[in-house]
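Notes for the one structure printed next.
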Amino acid sequence: MKLTIVLWVAAFLQVNAATFAQKISLNVKDVSLEEALVLIGRQTNHNFIYNTKMLKAGNAVSITATNKSLSEVLDECFKNQPLTYVINGNTVVIRKKEIPVKLSTIDVASISVTGVVSDPKGEPLVGVTVKVKGTSIGVVTNNDGRYSINTPEGNSVLVFSYLGFATQEIALDNRTQLNVTLKESTSTLNEVVVIGYGTRSQKDVVTAVSTVKGQSIQNLPVTSPVALLQGRSSGVQIVQNSGAPGGTNFSIRVRGTTSINAGNNPLYVVDGIPFEGNTSDINPNDIQSIDILKDAAAASIYGSRAANGVVLITTKRGKTGKAAITFNAYQSFQSVNKERLPEMLNASEFIELIQEQRANSTLGSVYASIIMPDNGLISNTNGRVANTNWLDNIMQTGHLNNYDISLRGGTEKLSFYFSGSYLTQKGILINSDFKRYTTKLNLDYHASSKFKIGTSLNLNQGITNSSTNDGFFGIVQQALVKPPVMPIFATDGSYYVQDPSGTANVVAVAALETRNTRRNRFLGNVFGEYSIIPDLVFKTSWSADIGFRRFDFFTPTTARNNTPASAQGEYSDDVNWVHEQTLAYNKELGKHRLSGLLGYSQALNRFNSLAAGGNGFASNIVETLNSAPVPVALSPTDFNFNSNYGLSSLFGRIGYVLNDKYYFEASTRRDGSSKFGKNHTYAWFPGVSVGWQVGREAFFERYSNTISDLKLKASWGRTGNQGGIGNYISQGLYGTGQNYLGVSGIGISTIPNPDLKWETTDAYNAGVDVGFLKGRITFGFNTYIKKTSDLLLGKQLPTTTGFTNALVNVGSTQNKGVEFDLNTINFAKKDFNWSTNFNISFNKNKILKLDEGGNDIINTRGEAGFGRAQTFNLLREGESIGVFYGFQSNGVYQYSADNVNKVRADGPTGYQYKGGDMIFTDLDGNNIIDNADRMVIGNALPQFTGGLTNTLRYKNFDLDMLAQFSYGNDVYNGVRTINESMSQFSNATKSVLNRWRNEGDVSSIPRADHLDPGVNKRASTRFLEDGSYLRLKTLTLGYRIPAKLLTKVKIDNVRLYATGQNLLTLTKYTGIDPEANTGDPNRATDLGFDYAVYPQYRTFLFGINVGF
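When you line the sequence shown up against my numbering, it's residues 1 to 1108, in that order.
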């Protein structure tokens, strides 16, 4: 229960330090006890400490006082109340009255015990509760910290408790005098951490778990909970690949990249329900906490799905007490940082470039037939030569607005949490937006002292509309290559679509094309708990995750060069059922604490999809597929797809704690999956961890004033990965299109593999947690090594088998790293608090083995029309996953004579490099630049990542700041590959104005040549850039309206705040955003490629929180 501390300072009275010298005049009738205290406080300089809920149990107050002392007025105030007060200096403590115990109820001779209770500095503590354990006998200390209590026997145990101090239990051992010094409590050690199928106190956690509390991530302008974790947790690298509305495109790596083909995203579990798909379906303001299980010992309880870590999202539940209503609303404005946008050539610069590159390639002037000098028309069409900035014309100012309301409360039997929210986002690119509606209901009902039932229900709808894709064919990249001489509108005011250059009018495409996705999702859990005996609880639960998705795509005739209108529609439903039963045991026997868990889980997934397409629509108005005269042929799997898989599991955990100092825990899970071969359907995933609370040893007490806590921990565990693997691939597949003697039929398309199984990760972790100065400084260090074996890779098969390759388990990877967490309370004063959280993580990734021959695997990222300008990603033993593979560039030949070795380019013409061509390193010395000269040129994985959070509170003001950083990662700037190629009929960036033009020119930009015979645009270090960055992610300033101003309007609290997001980015990267990434965020080899994505944006937000 939250403590409320209210400080009143006399503003108009001369304050006297002596309590009884203060005079108070007051005349009120039938006001609440809290309101009476507010009025009294305005005339004193005292601090009042009380529990808000406790005051609500008080009776109405009527006081008539003139020039009375504080104690006289308080005596009148607390007359006939269930509460009382204690004055200690300038502090007034409000507490419950103790019910006196009649001595006649004690049937043995009582023993009187006296003493003094003080703090670590020796100062007496007023209002400390002293109770005899196991009885209702209790007293409180007086103004001198003294107490006197009658105990029934000489070996009774006294319990001393006081707010802000650790509770102590002391056996009397027949003593009649007992003085006690209470230690200040370290609240972080008592915080609850969610683990797999249970919870732990922070002090009892001996595995690697990071926790982000919901209070620190409320009301931020994001649509996905994943965005809330950026920079807040060590060992967790999160890259926001795109700024598209809906905020779902994130790459998430927990302690490195483990897999090549099976996926690298963690498992999400929401209120105990395994969660897949779109994380933006969860309202961030419903979240109570997010806990990340980073090491295998913590995650092994989730078995074959936990190799990449587990993210446990716990939503808010009801609380006993009066129902509280909370309303949150914010409105924001979003815009791209135009300083980071590429500066493109204008029309005259573009024409000069095109003429030059055509002349250098002896192709002649192309624009002589396109631009008519006599009338300014383009090829005598209805378009006039323009000077168009296409990128500017597809951008707009966006907004993100959110409104949510929640109701939270309950009784001893029934508690509830209910919320609803509406979020709308208009993107920074035209015709792109996102809407989300959510509702949430959590119930807990205690039918009896032994039986409890509950539910967690979440229903949402998300609607995304976008005319853009990322990458070469995306609207951003198309705007960058579109010739500026082409107009947006024709002379008749319609969109100009008769472009002789063959490129589409990107403004028309963005404005008229629609890609509408509508998702409806239900996430629910119903459970029952029965306490068989006080320490043994049985729980059964049924969970469902049901999603329906509809996608509609329509391109009108006027969008793309008057091509016939076309449409495509897709519908899918995805149903996941999970049934679990657990038996949990927790027992404390003196110095021993035992815990145990035994469980069974059964999961079933069913996925269905249906798609159709058509073109040749008679009108742009009617978009329904049944009006399309020409159907579009789709592959059988695209047209209709049905898939199912199941997972059956047994799991358990045992724990033992001795004397709150020595910890041992072991867990295991046995998974059986329908995805894998019959020879490896089942597997065990064990984990074990140990810990030692050195700080609680007797020999360590001498250091306790400086080092308040010291814990050592170590763990080992095994987890698996079955992500990204087809449901039936181990069984062999039949398909159409098989031919025999010219006759088409059905045959085996995929060879069966009964030995196919999941990837296995074994991980070791060792760490230390240290607290200094009574918890004001806490430091955490973890080091780990994790090895993943049985990688799922394609293996080449002999041609005699009739198949080209098969998926097999072969190969291994390794991740090594260290993590540091530092939390400090810099200031903790009455009116000013300042705390800091800093984390940094180092990770080193390496491929240990690929196939039996150790052959390299080269992944190509070819973009249409750019041939040998493709970028490459290399998988090689000894290198990290996904290093860049290409040529080393060494500037530009200043003179043709500089090519003294007569180096030639690969290709049939054997072109000899000359002045203005790129200089590439000839590794093998054969004077030919070919694929043999490629080398490892960079790495998309950072050397370290981290974040810094500062939280400041001054009176009613609060300031929160989050900065995140990444260092040592390279980004391949594919935008430059295209826009500095000067070999295509496309626009370029102004950097090409500094290109080489004549013999003797000194430049880093090669000459313009439409044919590019030397392939100057080939994948090389020319386009590889340092992607390191430091970003001010969020900055929030808030103000809480004083409670005394809200009393009459029946509002508990009001907070106004303003937030800025992505305000500042420091980086050497010349692209739009160093986080930009084109490709599948779950794939290991898709990081670090920037071929123009939906830009991230700056956000300025204004919001309000109101509590009733």
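Glycine residues also receive a C-beta, built at the ideal position from the N, C-alpha and C atoms.
None of the values given here were measured: they were computed from a predicted structure.
Setting aside the 5 residues that flank it on each side, I654 is surrounded in the same chain by G596 and A666, each with a C-beta closer than 6 Å to its C-beta; the list follows chain order.
A direct Cα-Cα distance of roughly 6 Å separates R317 from F416.
The closest CA to that of Y728, considering only S715, D281, I751 and L712, is found on I751. One alpha carbon belongs to V476, the other to I238, and they sit about 23 Å apart. DSSP places S531 in no alpha helix (DSSP H) but in the uninterrupted beta strand (DSSP E) bounded by T514 to I533. According to the DSSP assignment, W390 belongs to the alpha helix (DSSP H) that extends over W390 to N393.
As computed with DSSP, Q425 is found in a beta bridge with L400 and F434.
Counting only residues of its own chain and dropping the five nearest sequence neighbours on each side, N1082 has a CB closer than 8 Å to the CB of S251, G263, N264, N265, G723 and G724. For E759, the enclosing beta strand (DSSP E) has its first and last residue at E759 to F772. Of V688, D1052, N346 and W758, the smallest CA-CA separation from S259 is found for W758. Separation of G243 and P120 (C-alpha to C-alpha, rounded to the nearest whole angstrom) is 53 Å. When rounded, the separation of the alpha-carbon atoms in A227 and L293 is 18 Å. DSSP, read as helix, strand or coil, puts S627 in helix. In this structure, the straight-line span from the alpha carbon of I290 to that of A1043 is close to 31 Å.
In the DSSP annotation of this structure, the continuous segment of the beta strand (DSSP E) that includes G817 starts and ends at S812 to A828. In this structure, V92 is the residue among L512, G134, V92 and S300 with its C-alpha nearest to the C-alpha of V38.
With 16 or more neighbouring CB atoms inside 10 Å of its own CB, T788 falls in the buried class. Counted as a single uninterrupted DSSP element, the alpha helix (DSSP H) harbouring E352 occupies residues A347 to N360. DSSP, read as helix, strand or coil, puts A714 in strand. Taking a 10 Å sphere around the C-beta of A447, we find fewer than 16 other C-beta atoms and assign the residue as exposed. By the C-beta criterion, the segment 1032–1051 is judged not to be in contact with the segment 391–411, since fewer than 3 inter-stretch pairs fall below 8 Å. For R1031, same chain residues with a beta-carbon under 6 Å away, outside a window of 5 residues either side, are Q964 and T1065 in chain order. Note on geometry: alpha-carbon atoms of T438 and Q240 lie some 23 Å from one another. The criterion of a C-beta distance shorter than 8 Å is not satisfied by N809 and P483.
L480 and V1054 have their alpha carbons spaced roughly 47 Å apart. Spanning the alpha carbons of V690 and V311 requires a straight line of approximately 22 Å. Closest in alpha carbon position to N346, among G1103, L178 and V992, is V992.
Annotation for G891: M918, I919 and S1004 place their beta carbon closer than 8 Å to its own, counting only its chain and skipping 5 residues before and after. The C-alpha of N402 lies about 9 Å from the C-alpha of R436. Taking A1019 as reference, the option from V1002, V971 and R997 with the minimal CA-CA separation is V971.
Taking C-beta separations shorter than 7 Å and ignoring five residues to either side along the sequence, the partners of T1067 in its chain run S1028, Y1029 and P1074, following chain order.
The criterion of a C-beta distance shorter than 8 Å is satisfied by S841 and E819.
In the structure shown, the three-state DSSP call for F275 is strand.
Listed in chain order, the non-local C-beta contacts of Y662 below 7 Å within the same chain comprise W692, local neighbours out to five positions each way being set aside.
In this structure, the CA atom of L594 is about 12 Å from the CA atom of D204.
For Q331, the enclosing beta strand (DSSP E) has its first and last residue at G321 to S335.
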